[in-house]
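Asks: Quick one: the structure is below, questions incoming.
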Amino acid sequence: MSDNPTHARIAKAVGENDVVLFMKGTPTFPQCGFSSTVVQVFDYLGVDYSAVNVLEDPEIRQGIKDYNNWPTIPQVFVKGEFIGGCDIVREMFESGELRTMLSDKGVEMAA
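Number 76 in full-length UniProt numbering belongs to position 76 of the sequence shown; there are no gaps in the numbering.
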């Protein structure tokens, strides 16, 4: 993977931030409902996260799919670990598992 400059950029973002959301749009202006849902969950929990707008860079947009072999966006990483997309984050939030996992990994939440 290190031979791929796009994968190296993705790995850098994932490694430098506790929580990373690869999304369509920005947290203040999501460009799809799935990305908006994840933003709402993080905002509700008070999670500080880094967002990468895949619409600004076609290489990242395709590269993140290849990086994880996961076909959809958004994609969420916590402490370097790929968590999943909107459905998984929503299910984890609804069950309480997301809050527990974030807390166990030392990610601060305001809520």
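Ideal placement from N, C-alpha and C gives every residue a C-beta, glycine not left out.
Here the structure is a predicted model, which is why all the values come from computation and not from measurement.
Whose CA, out of R99, Y67 and V47, lies closest to the CA of K12?
Replies: Y67
Asks: With DSSP as the reference, label A110 as helix, strand or coil.
Replies: coil
Asks: Have a look at F29 and D48 and give me their C-alpha separation to the nearest angstrom.
Replies: 17 Å
Asks: Looking at the structure shown, is P71 part of a helix, part of a strand, or coil, going by DSSP?
Replies: coil
Asks: Measure the CB-CB distance between F82 and V52 and report whether it falls below 9 Å.
Replies: No, these two residues do not count as a Cβ contact at 9 Å.
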